[in-house]
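Peer 1:
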Amino acid sequence: MSHYAVFGHPVSHSLSPRIHAAFGRQTGIELNYTAVDAAPEAFMQALDAFAAGGGRGANVTLPLKEAAFALCSATSERAQRAGAVNTLTRNDGQWHGDNTDGIGLVRDLTGRLRLDLRGRRALLLGAGGSARGVAPALLDAGVSELIIANRTPERADALADALGEPERAHSRYWEDLVNEGDFALIVNATSASRSGATEFSLPFQLSTPRTLAVDLNYGEAAIAFLAWARTAGCRDMVDGLGMLVEQAAAAFEIWHGVRPDTAPVYAALRGKDASLVTAD
Ligand code: ATR
Numbered sequence: 001m002s003h004y005a006v007f008g009h010p011v012s013h014s015l016s017p018r019i020h021a022a023f024g025r026q027t028g029i030e031l032n033y034t035a036v037d038a039a040p041e042a043f044m045q046a047l048d049a050f051a052a053g054g055g056r057g058a059n060v061t062l063p064l065k066e067a068a069f070a071l072c073s074a075t076s077e078r079a080q081r082a083g084a085v086n087t088l089t090r091n092d093g094q095w096h097g098d099n100t101d102g103i104g105l106v107r108d109l110t111g112r113l114r115l116d117l118r119g120r121r122a123l124l125l126g127a128g129g130s131a132r133g134v135a136p137a138l139l140d141a142g143v144s145e146l147i148i149a150n151r152t153p154e155r156a157d158a159l160a161d162a163l164g165e166p167e168r169a170h171s172r173y174w175e176d177l178v179n180e181g182d183f184a185l186i187v188n189a190t191s192a193s194r195s196g197a198t199e200f201s202l203p204f205q206l207s208t209p210r211t212l213a214v215d216l217n218y219g220e221a222a223i224a225f226l227a228w229a230r231t232a233g234c235r236d237m238v239d240g241l242g243m244l245v246e247q248a249a250a251a252f253e254i255w256h257g258v259r260p261d262t263a264p265v266y267a268a269l270r271g272k273d274a275s276l277v278t279a280d
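Quick note: the sequence shown, position 190, residue 190 per full-length UniProt numbering, numbers continuous.
1) Return the residue from the list Leu115, Ala127 and Arg120 that minimises the CA-CA distance to residue 295.
2) Should glycine 126 be listed as close to the ligand ATR, given that the test is whether its C-beta is under 6 Å from any heavy atom?
3) Could you tell me the distance, in whole angstroms, from the CA atom of threonine 231 to the CA atom of leucine 185?
4) For valine 85, I'd like the list of residues in its chain whose CB is within less than 7 Å of its CB, leaving aside the five on either flank, ordered along the chain.
5) With a threshold of 6 Å (Cβ to nearest heavy atom), would alanine 197 be considered close to the ligand ATR?
6) According to the Cβ coordinates, are arginine 90 and alanine 51 closer than 7 Å?
7) For residue 284, which option in Arg168, Asp215, Pro209 and Val238 has the closest C-alpha, if you only look at C-alpha atoms?
8) Quick one: is histidine 256 buried, meaning 16 or more other Cβ sit within 10 Å of its Cβ, or exposed?
9) List the endpoints of the continuous beta strand (DSSP E) containing glutamine 94.
10) What do you get for glycine 233, buried or exposed, if any count of 16 or more other CB atoms within 10 angstroms of its CB means buried?
11) Ignore the nearest five residues each way along the sequence and tell me which others in alanine 158's own chain have a CB closer than 8 Å to its CB.
12) Let me check understanding here. Comparing Cα to Cα, which of Leu226, Tyr266, Ala224 and Val258 lies closest to methionine 243?
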């Protein structure tokens, strides 16, 4: 039996063990997948111990994704563009890093939610690790424009510059968003709710009845932004649960060479009555 784990801090709430166990049952692949709580200063040691015990692959969640990137002997192009790793694979005694967050988001939007991102305007809120993970994938998916706004504007500028697509990726001051017209897609990649903010302040003009609002967080941490989206009249509101399942599926494929069917796993986690977190 091969060993896998998710590392994070905290990590007890993580759904990844359930998701990978479900994928394993579905594909007939025997695996053992656990959650390991590791504070940043203890991460390297915990990962070494995991490898010594036969660990073959690991997912990495907050706040360890940048540290994971730094310790890899090799990284994929998408991990380099994000500057962060969420999927580690043990090869020849070394860790190889990838980042499946961006492709996870895009697959959830274009697959489950059937959104065609090509030629659409997208607004990305936040410029931290989560935003860096998804921004390149949104560009790759063909958005016509990616506007990035962040509480600290310099970080939005830095992310826009790093994307290397000056025609399509631009930063804007949060307070100037009111002049930006509307968007087909608004993505909340801030950690505001996780750090206790209960209200989201954005101009309603950003949305139309065709706008899809996505929070990369799920559960309670998604409530404030999705409440804004509902009040603003967005068509659909979705949290990050679908992205979580899709990024896990992409990691599973890297490790096992098989692509699991995400739909039943998503439905089971969501509860069969609601495939979308909608206004009603
Ligand atoms: P993550 O890995 O979740 O992206 P991060 O790298 O710490 O975490 O980034 C957090 C993001 O949420 C940043 O864009 C941060 O804005 P700053 O760059 O100005 O710090 C944003 N954020 C956190 N708390 C916020 C708040 N109360 N209001 C708006 N943005 C907030």
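Here a beta-carbon is modelled for each residue, glycine too, at the ideal position from N, C-alpha and C. These numbers were taken from a predicted model, which means no experiment stands behind them.
Peer 2: In brief:
1) Outside the shown range of the chain, which is 1 to 280, sits residue 295, and nothing can be said about it.
2) Correct: glycine 126 has its Cβ closer than 6 Å to the ligand ATR.
3) 16 Å
4) Val60, Lys65, Ala68, Phe69, Cys72, Thr75, Ala79, Gly97, Asp98 and Asn99
5) Taking the Cβ of alanine 197 as the reference point, at least one heavy atom of the ligand ATR falls within a distance shorter than 6 Å.
6) A contact, by the Cβ cut-off of 7 Å.
7) For residue 284 there is no data in the structure shown, the boundaries of the chain being 1 and 280.
8) buried
9) 94 to 98
10) exposed
11) Ala127
12) Tyr266
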